[in-house]
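Undergrad:
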Amino acid sequence: MDAYLTLLRFHIQKFLFYLFKITGQWVNKPKFHMLLHLPDSIERFGPAPLFATEIFESFNAVLRKASIHSNRQSPGKDIATTFANSKALRHLVCGGWFNDPRSCKGYITAAPGVSQLFENDVLIQRTMDYNHACHMDDSNNFPQPVNSKVLAAENALVPRGLQDHLAGWQLIQLSAIRWNSHRMLNQGSFVLVRSADAKAQHNVGRIDHVWEAKKRARFTFWICYTNFERGGINSYYQMRGIVRSRPQKFVRVREVVSTLNVQHDCHTGGCEVSATGRVCVERQESEENHTTVVHKDANFFVVNSGELPRNQELVSWVDLPSGEEDIQDVMPGLEDGLAAWVRAGGALDDEDEDFDPSVGPTDSESG
Numbered sequence: 029m030d031a032y033l034t035l036l037r038f039h040i041q042k043f044l045f046y047l048f049k050i051t052g053q054w055v056n057k058p059k060f061h062m063l064l065h066l067p068d069s070i071e072r073f074g075p076a077p078l079f080a081t082e083i084f085e086s087f088n089a090v091l092r093k094a095s096i097h098s099n100r101q102s103p104g105k106d107i108a109t110t111f112a113n114s115k116a117l118r119h120l121v122c123g124g125w126f127n128d129p130r131s132c133k134g135y136i137t138a139a140p141g142v143s144q145l146f147e148n149d150v151l152i153q154r155t156m157d158y159n160h161a162c163h164m165d166d167s168n169n170f171p172q173p174v175n176s177k178v179l180a181a182e183n184a185l186v187p188r189g190l191q192d193h194l195a196g197w198q199l200i201q202l203s204a205i206r207w208n209s210h211r212m213l214n215q216g217s218f219v220l221v222r223s224a225d226a227k228a229q230h231n232v233g234r235i236d237h238v239w240e241a242k243k244r245a246r247f248t249f250w251i252c253y254t255n256f257e258r259g260g261i262n263s264y265y266q267m268r269g270i271v272r273s274r275p276q277k278f279v280r281v282r283e284v285v286s287t288l289n290v291q292h293d294c295h296t297g298g299c300e301v302s303a304t305g306r307v308c309v310e311r312q313e314s315e316e317n318h319t320t321v322v323h324k325d326a327n328f329f330v331v332n333s334g335e336l337p338r339n340q341e342l343v344s345w346v347d348l349p350s351g352e353e354d355i356q357d358v359m360p361g362l363e364d365g366l367a368a369w370v371r372a373g374g375a376l377d378d379e380d381e382d383f384d385p386s387v388g389p390t391d392s393e394s395g
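So this is what it looks like as structure tokens:
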């Protein structure tokens, strides 16, 4: 927890630094001030119990509903009552304890049938946008083959190396494999593969095709991929680069560490934007064109650091610089943001005009 809070505080400071550097106007937004109190709140009360679904988190929908059904005599009280009732209902259905209204000395909870009504009824779960499959144990239910035909353009012969390695097994090409409840492995996907040497770095590859191996009552899943080498930090995108290294490999699906969100390095490849895409109107191609990016190579890519799964091995492999040296001196960044605000027409108070960051507080002010 201590390491997590230290990292959280650093990233909050980094986020606010770059935000206020754009324009000092953001300093007036209360939500950004609340971010500074988030680590202390987590340290005292613990992380939020992330069991609320997206529908339950729909703050605006609950607010609108409470406002519409208010008698307009005391709308603030009606809205507060609606939120309190929703919170009490969630506490009750989740098996929470509350004071016994009859004795006022002990605590009671709802009978098991109340929580079972939600746990056992799929229709009620769907009304609250709850998907039980997302909370299943992936190790017991995945990987699973996707029940769809392989496209004619993706049909491939069994690689010689895989065929020799699995002699006596029946190999069936699959369109995709559902790796877990959120991710699929199919042709073109990038994956991080565990290295056979425990001391070596993991491998990165782009899946060429997916196979299921059968032998009597046994079956296993395999992927064939094109290997990519780990490059340096791309100076333009500030992301980890990878370069195609040509050799093709195969590995069992259980050796896949994580999937990767990889984007083409258009800056290095010199890719151009041209009006070659067709605009579809009511699912029909029209005569209009829209601009699309035409990639000139398939060798240089960057790992999108803006979307990294919560996988410590992947984060360690990407190993992006934290940028601590960029926010060591805060005042120049704040001055740039203040200047941008003034150029945009923002007005300064008299106290702000007299502000000099090089002058520290007086003894009376610091006391």
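In terms of the numbering used here, the sequence shown opens at residue 29 and continues consecutively. Backbone N, C-alpha and C define an ideal beta-carbon position, used for all residues, glycine too.
Could you work out which residue in Glu335, Ile355, Lys93 and Ser176 is closest to Ser114 when comparing CA atoms only?
TA: Checked all of Glu335, Ile355, Lys93 and Ser176; the closest Cα to Ser114 is Lys93.
Undergrad: So, helix, strand or coil for Met212, using DSSP?
TA: It is a strand residue.
Undergrad: Considering just the uninterrupted stretch of the beta strand (DSSP E) at Asn113, what are its terminal residues?
TA: No beta strand (DSSP E) holds Asn113; the alpha helix (DSSP H) holding it covers Pro103 to Val121.
Undergrad: I'd like the list of long-range same chain contacts for Leu91, defined as Cβ closer than 8 Å, with 5 residues on each side in sequence excluded.
TA: Ile107.
Undergrad: Beta-carbon within less than 6 Å of Thr110's beta-carbon, same chain only, minus the 5 sequence neighbours each way: which residues are those?
TA: Around Thr110: Ala94.
Undergrad: Grouping DSSP H, G and I as helix and E and B as strand, with all else coil, what is Pro75?
TA: Pro75 falls in the coil class under three-state DSSP.
Undergrad: Are the beta-carbon atoms of Lys277 and Asn255 separated by less than 8 Å?
TA: Yes, they are a contact pair.
Undergrad: Which value, in whole angstroms, describes the spacing of the CA atoms of Ala241 and Leu35?
TA: The straight-line gap from Cα to Cα measures roughly 44 Å.
Undergrad: Tell me the DSSP bridge mates of Arg282?
TA: In DSSP, Arg282 forms no bridge with anything.
Undergrad: Taking contact to mean at least 3 C-beta pairs separated by less than 8 Å, is the stretch 202 to 221 in contact with the stretch 229 to 244?
TA: These segments touch.
Undergrad: Out of Asp68, Gln291 and Asn327, state which residue places its alpha-carbon closest to the alpha-carbon of Gly334.
TA: Measuring from the Cα of Gly334, the nearest candidate turns out to be Gln291.
Undergrad: Assuming Gly365 is part of the alpha helix (DSSP H), what are its boundary residues?
TA: Its alpha helix (DSSP H) spans residues Val358 to Arg371.
Undergrad: Report yes if the CB atom of Leu288 is closer than 8 Å to the CB atom of Val178, and no otherwise.
TA: Contact: no.
Undergrad: Would you kindly report the start and end of the unbroken alpha helix (DSSP H) that includes Arg258?
TA: Here Arg258 belongs to no alpha helix (DSSP H); instead the beta strand (DSSP E) covers Arg246 to Ile261.
Undergrad: Exposed or buried, Ser286, counting other C-beta atoms within 10 Å across all chains shown (16 or more means buried)?
TA: Ser286 should be labelled buried.
Undergrad: In the structure shown, what three-state DSSP assignment does His61 receive?
TA: It is helical.
Undergrad: Buried or exposed: which applies to Leu329, given that a residue is buried once 16 or more other Cβ atoms fall within 10 Å of its Cβ?
TA: Sequence check: residue 329 is Phe here, not Leu. So Phe329 ends up on the buried side.
Undergrad: In its own chain, which residues sit with a C-beta less than 8 Å from the C-beta of Val174, not counting the 5 before and 5 after it?
TA: Taken in chain order, the residues that qualify are Leu202, Ser203, Ala204, Ile205, Arg206, Met212 and Asn214.
Undergrad: Of the residues Asp347, Gly216 and Glu300, which one's Cα is nearest the Cα of Gly260?
TA: The candidate whose alpha carbon is nearest that of Gly260 is Asp347.
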